[in-house]
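Q: Starting off with a structure, shown below.
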Amino acid sequence: MIKSHKSLIFKMISVNYRKYQTIIDSELKKINISRGDYPFLLCLYENRNGLNQNQLSKLLSVDRAHTNRYVHKLAKDGYIYSKSNLSNSRILDIFLTDKGVIKSEEALVILSNLANSLFADEKDSDLDFLYNKLLDISKILDNKLE
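Count the sequence shown with full-length UniProt numbering and you get residues 1 to 146, in order.
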């Protein structure tokens, strides 16, 4: 029996994601960043005004315990620091250090180079279509999780 393309799409996404992560792991090791570090660094890089742990967890779709572990690790490594929120001193806002900004920018170059090599021969219209389809799928999955 031949499987339909619909039933194979998520398998292909999963396989390609694992391959991509293997390549990213190898490249990020060269700058002493792990697979788990870079999403947090890049999220904070995109939010230079700081984020608290709850905001960071929500943006990355991870639980607070996971975020807490990485916040402690990244602080220990000197990539981030935290300070009390101006409006609520019980909340800590997290920011990148200068070292964290540099590492984030190095990671962005690696990710950009990989994306450019993967999609070098693709038309912008095809990439837009793919992106929009994946975004639609993400919204459907989010609705099912609610």
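Ideal Cβ placement from N, Cα and C applies to all residues, glycine included.
#1: Take phenylalanine 95 and list the residues in its own chain whose beta-carbon comes closer than 8 Å to its own, dropping the five residues that flank it on each side.
#2: Applying the criterion that 16 or more other CB atoms from any shown protein chain within 10 Å of the CB defines a buried residue, is aspartate 37 buried or exposed?
#3: Are three or more beta carbon pairs between the segment 56-70 and the segment 8-16 nearer than 8 Å?
#4: Provide the residue span of the alpha helix (DSSP H) that contains tyrosine 81, from first to last.
#5: Give the list of continuous alpha helix (DSSP H) stretches no shorter than 4 residues that lie fully inside the segment 78-146.
#6: Does the Cβ of methionine 1 have 16 or more other Cβ atoms within 10 Å, making it buried, or fewer, making it exposed?
A: Reading it off the structure:
#1: Leu44, Arg48, Gly50, Ile80, Tyr81, Ser82 and Lys83
#2: buried
#3: no
#4: First-last for tyrosine 81: 80-84, but that is the beta strand (DSSP E), not the alpha helix (DSSP H).
#5: 98-118 and 124-145
#6: Below a pLDDT of 50, predicted positions are generally treated as unreliable, and methionine 1, at 47, falls in that range; no measurement from the model is reported.
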